[in-house]
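In terms of the numbering used here, the sequence shown has 41 at position 36, counting the first letter as 1, and numbering is strictly consecutive.
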Amino acid sequence: MKRRTLLVAAGVGVTGTTGFAVHSSNMKEKNVAIESVDEVPEEYGFNVDATVREPEITNDHTAIIRITVENERDEARKISDGNRELFSTLTSTEPGLLLLDREASPLRTPGCWRPVFGQSRSMELRIAEIPPKGTATIDLAVWGESGVSLNECLPTGTFRFDTTYHVFGAEEREFDWGFALSVEEQQA
Numbered sequence: 006m007k008r009r010t011l012l013v014a015a016g017v018g019v020t021g022t023t024g025f026a027v028h029s030s031n032m033k034e035k036n037v038a039i040e041s042v043d044e045v046p047e048e049y050g051f052n053v054d055a056t057v058r059e060p061e062i063t064n065d066h067t068a069i070i071r072i073t074v075e076n077e078r079d080e081a082r083k084i085s086d087g088n089r090e091l092f093s094t095l096t097s098t099e100p101g102l103l104l105l106d107r108e109a110s111p112l113r114t115p116g117c118w119r120p121v122f123g124q125s126r127s128m129e130l131r132i133a134e135i136p137p138k139g140t141a142t143i144d145l146a147v148w149g150e151s152g153v154s155l156n157e158c159l160p161t162g163t164f165r166f167d168t169t170y171h172v173f174g175a176e177e178r179e180f181d182w183g184f185a186l187s188v189e190e191q192q193a
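Take a look at the structure:
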C-alpha cells in the first residue's frame, strides 16, 4: 500500500512539472531596478521605501527587493496591509510579476523563477507593531507570475506594485503606497 502511494505521489510530481520543462531553455539572465517610489504624506508618520538588495536574476538565484517601513513617531504603532506580513506577497498591477517573502520556497518551474502552482493566502488580518522610531523590513524575491505566459519566465518591462496600508490606533487611517520595478535582460 505504501509503495503504491509513493508511486502515485511520484507520478504527480513528475506530471506536475513536465509541462513546464519548455522554460528551461528560455531563462535569460536579467537585472531589476527600482524606477520610482511613492512618498507617504507626512501626516501619517511613516516612511516606506523599496530598495534593490540583489539586482541579478540567474538560473541559481532571483533578484531580491527590500521593503522598509519606518515609524517616525515617538510611540509604538500598528500597521497592516491586509492578510499577509507587511508586503510579503504582492502581484504587479500589470500581469507578470510576483514578489514573495524571500523565506518562502514554492515549488519552482525547472529553469525558471515561476511557481509551479498559484500562491494561496490566508484570510487572517496580520498586523505589525513597529516600535517608536523603529523599522520593519522584509526581503522579497522577484518571481514570474504563474499562469500568465508560457513564453517567458520573467517578463521584461516596468511593473507597478501597490498596496493600501491600514494604520491602527486612536484614529484609524489608511494610505496607498507603491513603487515601480523594471526588469531588463542583461547585456552581453
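Virtual Cβ for every residue (Gly too), placed ideally from N, Cα, C. Predicted model only: the values in this text are computed from it and were never measured.
query, result
"Span of the beta strand (DSSP E), counted from its first residue to its last, around H171", "162-173"
"Own chain residues within Cβ distance below 8 Å of I62, not counting five before or after", "E34, K35, N36, V37, A68, W118, V147, L159, V188"
"Per-residue burial, P120 [other beta carbons within 10 Å of its own, 16 or more giving buried]", "buried"
"Outcome for R82 when other beta-carbon atoms lying within 10 angstroms are tallied against a minimum of 16", "buried"
"Sequence-distant residues of its chain with Cβ nearer than 7 Å to Q192 (five each side left out)", "none"
"DSSP beta-bridge partners of D43", "None, per the DSSP bridge assignment."
"CB of T163 within 7 Å of CB of E40, strictly", "yes"
"Proximity of T73 and T140 at Cβ, strictly below 7 Å", "yes"
"Identity of the residue in E80, E99, S85 nearest F166 by Cα", "E99"
"Supposed contact pair N76 and I135 - C-beta distance, whole angstroms, cut 8 Å", "4 Å"
"Same chain, Cβ closer than 6 Å to A26, neighbours up to 5 away in sequence not counted", "Residue placement at A26 is poorly supported in this model, since its pLDDT is 34, which falls under 50; the coordinates still yield a value, given next. Within the same chain, A26 has close Cβ partners P115."
"Inter-residue CB distance, R178 and P137 (contact presumed, cutoff 8 Å)", "In fact, because the Cβ distance is near 18 Å, the residues do not count as touching under 8 Å."
"Nearest-angstrom Cα separation, counted from S97 out to G183", "10 Å"
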